[in-house]
Structure formats: C-alpha cells, structure tokens
Amino acid sequence: MLVNNMLTKNYLLAINKPTGWTSSDVVIKTRNILSKFYNEKVKVGHMGTLDPGAAGVLLVGVNKSTRLFDYMLTKRKSYVGRLTFGKSTDTLDSYGKVLAESDCPTYESVKAVLKDFIGDIEQIPPKYSAIKINGQKAYQMARAEKDFIIPSRKITIYSLKEIKVELDGEYVKSIDLDVTCSSGTYIRTLFVDIAERLNKCGYMAYLIRTSLANISINDSITMDELSNNPGNYRLENIDVIKNIMDLYELNDSEFHNVKNGIGINLNINDCYLGLTYQNELKFIGKVENNICKSNTNLE
C-alpha cells in the first residue's frame, strides 16, 4: 500500500530498477536524493540484488528499515524473462561472450521439460555473480580467469509458466517465462539448465523482477519519480511486514518489557512476529518456547 506521510524517516521504497544500473547505483542515487530532501545524512540499503542487466522491483530500506533485510531475503520472488536458444555465453545472459552454438529445440520438447524444473531442485550459481568464494566475489575471479568451484544449493521453483513463444516452424527460437521462486535462485542458471536438459545452447535475453515479498512491480516507482517527489511513495514497515509474517499489537506493559529486553509470554508456536505498538511496527520478535523477545529493534 502506497502512503504519503512524514511521521517517521524509517520506511521502505520499491524502486523499479532500470536496465544497466547496478543495485548499488540505485542505493547511492536514493541516498543522495533523500539526504538532500531531509537535509541530513540518510542510511539506505537494498534488499536483494538485481543484476545490472535486469530490471524490476528492488526493495530499498531507509534508515532503521534497513534492519529488515534478512526477513525480506527469505521470501519468494517472481520474474518474467526470455530464454533464447541457439547460443551460449560465459555470463549466461546476452551480455557475455558467445561460447558455443546449436540448433533450436522443438516446441513439444520444451513444453515437456519445463515441468521437470518445478519444485525443489539443485542449482549451481553462475561464476559471473556476486557470490563470495573464500572472501572474493565470484565475478571478480571469473574476470581474472581464475579456476574455482561454486557449490550447488537447493532452491525451489514454485511455478514456471509460458507467456509467449517465438517459433520457426516447429522449433523454438525463444520463450518468455513467468517464474516464481525461492530466495537464492538465479534465473540465468535456471534458463541455461533448461536448455542443457534439451542438449541445446541457450541464454537469458532479458529479465524483469515482477514481485518481491508480495510487493508488485505495479507498486514500484522510477528513479525520476523519486527525484521529482521524494516525500511520496513510502511503503510503511507495517504494511510490508504484515504480508510476510503475523503481527502482534503490544500493550503498554508488553511494549516496555520488549523495549528493555524482557521476554513476554505468548502461547504460540516458534516463529517470527511483527510487534506493533499504537499501530506502528516497533520490533521483529522471535518466539521460542512461548517466550517472545525482540530480534530486531526498529525504534
């Protein structure tokens, strides 16, 4: 829900990151815009990297809202992207050097193999990524032509749907796919793995993140919109958190206890809770053995 008030300087922004920008570019530009607007230094951080070649929803935390980072990272994300057949590249996308070429698969074979990638699968992240190996970023090692191995990880593909297909007779030149997946999924790798399962070359031609933690691209703003009106377009912490965890409204006594590090007794299963006071998100609480304590202070 988009709101427009200035009650607090702790909030979130959903930025529609343009192609060609790094996630850090968005953070730096947002920090400059808001620091000038408030006439004071503002802390800004993004919550889930988007590759420079990708566009779409990049969630940005302002000031203490950056503390919500870990809770956002665990939530499912949705993307729309294009898998183009016939060539493979070193970066697995359209920006890399062509390594090999092949013919294209049939439409029937593509449809048959897509269902094999739904559910829990193993995935090896790309070497051109920000994953750290022994303290070094993988893409820096790849550019330096160093030899290294990235271990596989388990991810979940919740849905994988065809949107549009470009055919040459019975053969698929490219296919646009709508993907909903778990955190840690690399769509570049997913698309190339699909091509390799068909014994073909393929690469990701474009990618748009359409949602993150139930925040739709329709709720996101451009950098120009933020620059022209920095006081608008805020996403309040409570409105975002209530989409990904339950909320609990603290009374006066409970608020005092949690604020001072004292646990409160709640008869619920172990979980994370958004703890609100006077309808404002104050803490993320962690419940263990029916005792809830503050895990993250947003005061």
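Each position in the sequence shown, counted from 1, maps to that position plus 1298 in my numbering.
All C-beta atoms in this analysis are idealised placements derived from N, C-alpha and C, irrespective of residue type, glycine included.
- Looking at the DSSP output, Arg1380 sits in a beta bridge with Asp1474 and Tyr1504.
- CA-to-CA, the gap between Ser1551 and Gln1576 works out to about 13 Å.
- Looking at the backbone, the Cα of Val1355 and that of Asp1401 are separated by about 34 Å.
- Check the Cα spacing between Lys1315 and each of Leu1505, Cys1569 and Ala1440: the tightest is with Leu1505.
- In this structure, the beta-carbon distance from Lys1375 to Ser1450 does not fall below 9 Å.
- Inter-residue distance for Lys1373 and Ala1511 is about 5 Å (C-alpha atoms, whole angstroms).
- Here Asp1349 is buried, its C-beta having at least 16 other C-beta atoms within 10 Å.
- Remark: C-beta atoms of Tyr1377 and Val1470 do not approach each other more closely than 9 Å.
- For Glu1399, the closest C-alpha among the options Lys1409, Thr1382 and Ala1410 is that of Thr1382.
- Classified as exposed, Glu1547 has fewer than 16 neighbouring CB atoms from the shown chains inside 10 Å of its CB.
- Thr1478 is not a Cβ neighbour of Gly1417, given a cutoff of 9 Å.
- DSSP places Ile1589 in the strand class (E or B) of the three-state scheme.
- Judged by beta-carbon spacing, Thr1487 lies beyond the 9 Å limit of Ile1429, meaning their Cβ atoms are not closer than that value.
- DSSP places Gln1438 inside the alpha helix (DSSP H), whose first and last residues are Ala1436 to Arg1441.
- Classified as buried, Val1490 has 16 or more neighbouring CB atoms from the shown chains inside 10 Å of its CB.
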